[in-house]
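Participant: The opening residue of the sequence shown carries number 1146 in the working numbering; numbering runs sequentially from there.
Note that beta-carbon positions come from the ideal geometry of N, C-alpha and C, so glycine has one too.
All of these numbers come straight from a predicted model, not from anything done at the bench.
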Amino acid sequence: MPENLETLRKQRNMKAGQLAAKSGVPIKQIAAYEKGERIKVADMPKLARALFVDESQINWVSVPPPPPPPKPVVEKPPKVAATAEPQAETPEKPERTEKPRRSKWQKSKPGLPARPSQIDHALMMAAKVGEDETAVTEKAGKPLAELTQTEASHLIMTYQKAWLEYKKSRVPGDPGIRGNQGKRALTPEAVDRYEMAYLQARQEAGDEVTFTLFDGSVRHGRITGFSPYAITIQQPDGGETTLQKLGIAYYSVIGNQ
(Lines of atoms letter the chains of each structure in order from A and count residues from 1; the text may use other names and numbers.)
(Lines give C-alpha, C1' and ligand atoms only; values in the text may rest on other atoms or scores of the structure.)
Protein backbone atom coordinates (compact mmCIF):
# COMPACT_ATOMS: atom_id res chain seq x y z
CA MET A 1 0.00 0.00 0.00
CA PRO A 2 1.52 3.32 -1.04
CA GLU A 3 2.40 5.80 1.69
CA ASN A 4 2.91 9.50 1.88
CA LEU A 5 6.32 10.87 0.88
CA GLU A 6 6.84 12.43 4.32
CA THR A 7 6.01 9.15 6.07
CA LEU A 8 8.58 7.21 4.03
CA ARG A 9 11.20 9.90 4.62
CA LYS A 10 10.70 9.85 8.39
CA GLN A 11 10.77 6.03 8.47
CA ARG A 12 14.33 6.24 7.14
CA ASN A 13 15.29 9.04 9.59
CA MET A 14 15.94 11.43 6.76
CA LYS A 15 15.46 15.16 6.77
CA ALA A 16 14.02 17.03 3.82
CA GLY A 17 17.42 18.49 3.03
CA GLN A 18 19.04 15.03 3.00
CA LEU A 19 16.37 13.69 0.68
CA ALA A 20 16.87 16.68 -1.62
CA ALA A 21 20.64 16.07 -1.69
CA LYS A 22 20.29 12.35 -2.49
CA SER A 23 17.49 12.67 -5.05
CA GLY A 24 18.44 15.93 -6.73
CA VAL A 25 14.90 17.26 -6.26
CA PRO A 26 14.86 20.79 -4.81
CA ILE A 27 13.92 20.96 -1.15
CA LYS A 28 11.14 23.46 -1.90
CA GLN A 29 9.61 20.98 -4.34
CA ILE A 30 9.81 18.16 -1.76
CA ALA A 31 8.04 20.38 0.78
CA ALA A 32 5.30 21.07 -1.80
CA TYR A 33 4.91 17.34 -2.52
CA GLU A 34 4.55 16.56 1.19
CA LYS A 35 1.84 19.24 1.53
CA GLY A 36 -0.31 17.58 -1.18
CA GLU A 37 1.04 18.69 -4.55
CA ARG A 38 1.12 15.88 -7.16
CA ILE A 39 4.60 14.45 -7.71
CA LYS A 40 5.96 15.05 -11.20
CA VAL A 41 6.62 11.98 -13.33
CA ALA A 42 10.29 12.92 -13.76
CA ASP A 43 10.81 13.26 -9.99
CA MET A 44 9.15 9.98 -8.95
CA PRO A 45 12.09 7.67 -9.92
CA LYS A 46 14.57 9.99 -8.22
CA LEU A 47 12.64 9.99 -4.96
CA ALA A 48 12.11 6.22 -5.07
CA ARG A 49 15.86 5.56 -5.54
CA ALA A 50 16.76 7.98 -2.71
CA LEU A 51 14.27 6.27 -0.37
CA PHE A 52 15.23 2.71 -1.52
CA VAL A 53 11.61 1.87 -2.33
CA ASP A 54 9.62 1.01 -5.41
CA GLU A 55 7.72 3.81 -7.17
CA SER A 56 4.46 2.05 -6.42
CA GLN A 57 5.09 2.49 -2.68
CA ILE A 58 4.90 6.29 -2.93
CA ASN A 59 1.59 8.12 -3.11
CA TRP A 60 1.45 10.42 -6.12
CA VAL A 61 -0.52 12.85 -4.00
CA SER A 62 0.37 12.89 -0.30
CA VAL A 63 -2.26 13.62 2.28
CA PRO A 64 -1.00 16.60 4.29
CA PRO A 65 -0.67 15.96 8.03
CA PRO A 66 -3.48 17.36 10.17
CA PRO A 67 -2.71 20.68 11.85
CA PRO A 68 -1.53 20.40 15.44
CA PRO A 69 -4.26 20.76 18.05
CA PRO A 70 -4.54 24.23 19.57
CA LYS A 71 -2.82 24.75 22.85
CA PRO A 72 -5.19 24.72 25.80
CA VAL A 73 -5.87 28.13 27.22
CA VAL A 74 -4.87 28.27 30.82
CA GLU A 75 -6.81 30.84 32.74
CA LYS A 76 -4.70 32.79 35.18
CA PRO A 77 -6.13 33.18 38.64
CA PRO A 78 -7.11 36.74 39.53
CA LYS A 79 -4.46 38.74 41.25
CA VAL A 80 -5.00 39.29 44.92
CA ALA A 81 -3.79 42.54 46.34
CA ALA A 82 -0.94 41.79 48.69
CA THR A 83 -1.46 42.91 52.20
CA ALA A 84 1.48 44.61 53.79
CA GLU A 85 2.91 42.49 56.56
CA PRO A 86 3.88 44.30 59.73
CA GLN A 87 7.60 44.92 59.66
CA ALA A 88 9.62 43.54 62.45
CA GLU A 89 11.33 46.13 64.53
CA THR A 90 15.01 46.29 63.75
CA PRO A 91 17.14 46.14 66.85
CA GLU A 92 19.04 49.29 67.55
CA LYS A 93 22.72 49.09 66.85
CA PRO A 94 24.84 49.34 69.93
CA GLU A 95 26.81 52.52 70.19
CA ARG A 96 30.38 52.15 69.00
CA THR A 97 32.93 52.92 71.60
CA GLU A 98 35.80 54.81 70.07
CA LYS A 99 39.19 53.38 70.78
CA PRO A 100 41.71 55.84 72.05
CA ARG A 101 43.74 57.09 69.13
CA ARG A 102 47.39 56.30 69.20
CA SER A 103 49.65 59.29 69.10
CA LYS A 104 51.68 59.59 65.91
CA TRP A 105 54.78 59.60 68.07
CA GLN A 106 53.92 56.27 69.70
CA LYS A 107 55.72 53.26 68.32
CA SER A 108 54.09 49.89 68.00
CA LYS A 109 57.42 48.13 67.57
CA PRO A 110 60.92 48.91 68.74
CA GLY A 111 62.86 50.95 66.18
CA LEU A 112 65.06 49.12 63.72
CA PRO A 113 68.80 49.86 63.89
CA ALA A 114 70.00 52.70 61.71
CA ARG A 115 71.42 51.79 58.31
CA PRO A 116 75.13 52.47 57.69
CA SER A 117 74.18 54.81 54.85
CA GLN A 118 72.15 56.92 57.31
CA ILE A 119 75.14 57.27 59.67
CA ASP A 120 77.39 58.21 56.74
CA HIS A 121 74.87 60.78 55.53
CA ALA A 122 74.60 62.32 59.00
CA LEU A 123 78.41 62.58 59.25
CA MET A 124 78.62 64.13 55.79
CA MET A 125 76.00 66.77 56.63
CA ALA A 126 77.70 67.45 59.97
CA ALA A 127 81.02 67.99 58.22
CA LYS A 128 79.40 70.66 56.03
CA VAL A 129 78.60 72.73 59.12
CA GLY A 130 82.01 72.09 60.70
CA GLU A 131 81.19 69.30 63.16
CA ASP A 132 83.10 66.03 63.52
CA GLU A 133 81.93 62.60 64.64
CA THR A 134 82.41 63.46 68.32
CA ALA A 135 80.06 66.43 68.02
CA VAL A 136 77.51 64.30 66.14
CA THR A 137 77.63 61.66 68.90
CA GLU A 138 77.06 64.32 71.56
CA LYS A 139 74.12 65.72 69.64
CA ALA A 140 72.63 62.22 69.21
CA GLY A 141 73.03 61.49 72.95
CA LYS A 142 74.29 57.98 72.36
CA PRO A 143 76.86 56.12 70.23
CA LEU A 144 76.00 56.32 66.55
CA ALA A 145 75.97 52.52 66.27
CA GLU A 146 73.06 52.40 68.74
CA LEU A 147 70.81 54.80 66.81
CA THR A 148 67.52 53.61 65.33
CA GLN A 149 66.45 54.43 61.80
CA THR A 150 64.00 57.05 63.10
CA GLU A 151 66.62 58.67 65.30
CA ALA A 152 69.13 58.72 62.45
CA SER A 153 66.54 60.36 60.16
CA HIS A 154 65.87 63.06 62.76
CA LEU A 155 69.61 63.62 63.14
CA ILE A 156 70.02 64.00 59.38
CA MET A 157 67.13 66.46 59.22
CA THR A 158 68.70 68.47 62.05
CA TYR A 159 71.94 68.89 60.11
CA GLN A 160 70.11 69.56 56.86
CA LYS A 161 68.26 72.43 58.55
CA ALA A 162 71.53 73.69 60.03
CA TRP A 163 73.14 73.59 56.58
CA LEU A 164 70.23 75.50 55.02
CA GLU A 165 70.40 78.13 57.75
CA TYR A 166 74.12 78.47 57.20
CA LYS A 167 73.70 78.97 53.45
CA LYS A 168 70.97 81.59 54.01
CA SER A 169 73.12 83.57 56.43
CA ARG A 170 76.28 83.30 54.35
CA VAL A 171 77.59 86.55 52.87
CA PRO A 172 78.59 86.42 49.14
CA GLY A 173 82.36 85.99 48.91
CA ASP A 174 82.59 84.38 52.34
CA PRO A 175 85.12 81.49 52.03
CA GLY A 176 82.82 79.25 54.06
CA ILE A 177 83.47 76.73 56.80
CA ARG A 178 86.04 74.69 54.89
CA GLY A 179 87.43 77.39 52.61
CA ASN A 180 84.96 76.77 49.78
CA GLN A 181 84.70 79.84 47.54
CA GLY A 182 81.34 81.00 46.20
CA LYS A 183 78.07 79.09 46.39
CA ARG A 184 77.47 75.38 46.02
CA ALA A 185 76.44 74.15 42.58
CA LEU A 186 72.94 72.81 42.14
CA THR A 187 72.92 70.90 38.83
CA PRO A 188 74.90 67.64 38.31
CA GLU A 189 77.07 69.24 35.62
CA ALA A 190 77.81 72.23 37.84
CA VAL A 191 78.61 69.92 40.75
CA ASP A 192 81.25 68.16 38.62
CA ARG A 193 82.79 71.48 37.60
CA TYR A 194 82.73 72.73 41.17
CA GLU A 195 84.44 69.59 42.48
CA MET A 196 87.09 69.62 39.76
CA ALA A 197 87.90 73.26 40.54
CA TYR A 198 87.97 72.51 44.26
CA LEU A 199 90.30 69.51 43.91
CA GLN A 200 92.53 71.49 41.53
CA ALA A 201 92.82 74.25 44.12
CA ARG A 202 93.65 71.78 46.89
CA GLN A 203 96.28 70.11 44.68
CA GLU A 204 97.94 73.40 43.73
CA ALA A 205 97.92 74.60 47.35
CA GLY A 206 99.40 71.33 48.58
CA ASP A 207 96.72 70.98 51.23
CA GLU A 208 96.61 67.79 53.28
CA VAL A 209 93.14 66.29 52.93
CA THR A 210 91.40 63.73 55.13
CA PHE A 211 89.15 61.25 53.26
CA THR A 212 86.54 59.27 55.22
CA LEU A 213 85.31 56.17 53.33
CA PHE A 214 81.96 54.46 53.58
CA ASP A 215 83.57 51.44 55.27
CA GLY A 216 84.66 53.73 58.16
CA SER A 217 88.35 53.86 57.28
CA VAL A 218 90.23 57.17 56.97
CA ARG A 219 92.99 58.20 54.55
CA HIS A 220 95.27 61.27 54.78
CA GLY A 221 97.38 62.77 52.05
CA ARG A 222 98.00 65.45 49.45
CA ILE A 223 96.18 65.25 46.12
CA THR A 224 98.51 64.34 43.24
CA GLY A 225 95.86 63.68 40.59
CA PHE A 226 92.14 63.11 40.04
CA SER A 227 89.55 62.15 37.45
CA PRO A 228 85.74 62.13 37.38
CA TYR A 229 85.87 58.70 39.10
CA ALA A 230 88.95 58.60 41.36
CA ILE A 231 91.39 60.70 43.41
CA THR A 232 95.07 59.83 43.86
CA ILE A 233 96.78 61.02 47.04
CA GLN A 234 100.33 60.89 48.40
CA GLN A 235 100.28 59.62 51.96
CA PRO A 236 102.59 60.94 54.70
CA ASP A 237 104.88 57.88 54.29
CA GLY A 238 105.42 58.79 50.64
CA GLY A 239 103.24 56.06 49.13
CA GLU A 240 100.45 56.84 46.69
CA THR A 241 96.88 55.55 46.99
CA THR A 242 94.01 55.88 44.52
CA LEU A 243 90.56 56.27 46.08
CA GLN A 244 87.39 55.55 44.12
CA LYS A 245 84.89 58.41 44.51
CA LEU A 246 82.01 55.98 44.94
CA GLY A 247 83.68 54.74 48.12
CA ILE A 248 84.29 58.18 49.63
CA ALA A 249 81.72 59.38 52.18
CA TYR A 250 83.23 62.86 52.58
CA TYR A 251 86.58 64.65 52.77
CA SER A 252 87.93 67.76 54.48
CA VAL A 253 91.09 69.86 54.47
CA ILE A 254 93.34 69.43 57.51
CA GLY A 255 95.29 72.63 56.94
CA ASN A 256 97.43 74.50 54.47
CA GLN A 257 101.19 73.82 54.51
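Would you mind working out which of Pro1214, Phe1371 and Gln1380 sits nearest Val1110, comparing C-alpha positions?
Facilitator: Look at the range of the chain in this structure, 1146 to 1402, and you will see that residue 1110 is not part of it.
Participant: Return yes when the Cβ of Gln1345 is within less than 8 Å of the Cβ of Ser1298, no when it is not.
Facilitator: For Ser1298 and Gln1345, no; Cβs fall outside 8 Å.
Participant: Considering only the beta carbon of each residue, do Leu1150 and Tyr1178 sit closer than 8 Å?
Facilitator: yes
Participant: Sorted by chain position, which residues of the same chain lie with C-beta nearer than 7 Å to Trp1205's C-beta, five sequence neighbours on each side aside?
Facilitator: Taken in chain order, the residues that qualify are Arg1183 and Ile1184.
Participant: At which residues does the beta strand (DSSP E) containing Glu1353 begin and terminate?
Facilitator: Counting along the chain, the beta strand (DSSP E) containing Glu1353 begins and ends at Glu1353 to Leu1358.
Participant: Anyone know if the C-beta pair for Gly1169 and Val1208 falls short of 8 Å?
Facilitator: no
Participant: What is the DSSP secondary structure of Gln1258, reduced to helix, strand or coil?
Facilitator: In the sequence on display, residue 1258 carries Pro and not Gln. Reduced to three states, the DSSP call for Pro1258 is strand.
Participant: Tell me where the alpha helix (DSSP H) around Val1281 begins and ends.
Facilitator: Glu1278 to Ala1285
Participant: How many Å lie between Thr1386 and Gly1392 at the Cα?
Facilitator: The alpha-carbon of Thr1386 is positioned some 13 Å away from that of Gly1392.
Participant: Roughly how many angstroms lie between the CA atoms of Lys1155 and Asp1199, to the nearest whole one?
Facilitator: 16 Å
Participant: What are the boundary residues of the alpha helix (DSSP H) that Leu1196 is part of?
Facilitator: Met1189 to Leu1196
Participant: Does DSSP put Gln1348 in a helix, in a strand, or in coil?
Facilitator: helix
Participant: Select from Val1281, Glu1283 and Arg1260 the residue whose C-alpha is nearest the C-alpha of Pro1295.
Facilitator: Note that residue 1295 is Thr in the sequence shown here, rather than Pro. The candidate whose alpha carbon is nearest that of Thr1295 is Arg1260.
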